[in-house]
Amino acid sequence: MSHTRLVAVDWGTSSLRGALLEPDGRIVEEQSHPRGILTVKHGGFTDVFETLFADWMRPQGTRCLISGMAGSKQGWVEAPYCACPAGLAEVRSRIMEIEPGRISIVPGLCDTHDGVPDVMRGEEVQILGAMVLTNLRDGLFVLPGTHNKWARVKNGMVTGFRTFMTGEFYALLSQHSILSRTLDTSAGLDEAAFLQGVTQSDNGQGLLHNAFGARTLSLFDRMPARELTSYLSGILIGEELRTQSLHAAGEVVLIGTPALTQRYRLALQASGVRARTLGSEATWAGLHALHAPNPTQRKQ
């Protein structure tokens, strides 16, 4: 175990989160800011970092590890992707130094399907952390978000993954299509309507047909606007699940915000698949594992 404190940072496209960790991985303090990479001017990452984390970094020997889009071409320093299969050792070996011994960036992962590349940045840290927290070294790890990731893990290695633009398609359909006139996007989750959408997605007619039902159900007064938002979400998530070999996976590990993992858990349960959920603790556990040569596994 490392004897230095760790400043763990998840620096995404639209937001930034940080946690101060003791050498044993205990969280001392957390912070969150709307300072994603798109808000940072070219050459301005050092100033933003020092403004937000100077106090945490002040004790001598403190190290910072940054995951997420800060390592992209649009970020602070580009950290080339680490190819699958990859585990803790492989990711750690590709960490890029910004200030040697002080600030470093985690590389992200890449995979290829039928000649087409697939990538993730930040999710790889969450998967590594989830393995530490659950003591699992094999299984299916699902990370809902704007671009959802389905990652297969075997013997502690991410053997491959696939990305689904479900969250982005939901935003496009609910805000910029004809469906936006029939949905109440301020409404909370309606579980019955959501599960109706999940069931409908498995009718063999495909997403392009089933999504139109969110308009016609409103047109014929078959479903109110407050429920249609959940119905459309169920259609999209159901379509995503329809492409997976779920029953061969056993228990699925969901990692993300409660609002999203709740929906995926409902959809998986409707398919007879068990799931457990993790949140931001997976990110901090993953960065701590990369920081510590021999991370201690803990049960959630």
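Residue numbers are given in my numbering: position 291 of the sequence shown equals residue 630, and the series is strictly consecutive. Built from N, CA and C at the ideal position, the CB exists for glycine as well.
Within the same chain, Cβ atoms closer than 8 Å to the Cβ of I574 are found at G536, V537, Q539, S540, L546, N549, A550, G552, A553, the five residues on either side in sequence being excluded. Under a 10 Å Cβ-count criterion, E590 is classified as exposed, with fewer than 16 other Cβ atoms of the shown protein chains found around its own Cβ. For Q370, the enclosing beta strand (DSSP E) has its first and last residue at 366 to 372.
Of the candidates S354, G364, L359, G364 places its Cα closest to the Cα of A624.
For D450, the secondary structure class from DSSP, reduced to helix, strand or coil, is strand. The shortest CA-to-CA distance from S411 to any of L558, L593, P362, V445 is the one to V445. For W415, the three-state secondary structure derived from DSSP is coil.
Per DSSP, the continuous alpha helix (DSSP H) segment holding P597 begins and ends at 597 to 609. Inside the stretch 476 to 541, DSSP marks whole beta strand (DSSP E) runs of 3 or more residues at positions 478 to 482, 487 to 493, 496 to 503, from first to last along the chain. Each of F388, A490, G468, G414 was checked against the Cα of H627, and the nearest Cα belongs to G468. Membership of S406 in the beta strand (DSSP E) is indicated by the continuous run 402 to 407. T600 is classed as buried because its beta carbon has at least 16 other beta carbons within 10 Å across all chains shown. Using a C-beta cut-off of 8 Å, the stretch 418 to 432 makes no contact with the stretch 389 to 399, since fewer than three inter-stretch Cβ pairs fall below that distance. By the CB criterion at 7 Å, V497 and G478 fall outside the cutoff. Going by DSSP, V464 is part of no beta strand (DSSP E) but of the alpha helix (DSSP H) stretching over 462 to 473.
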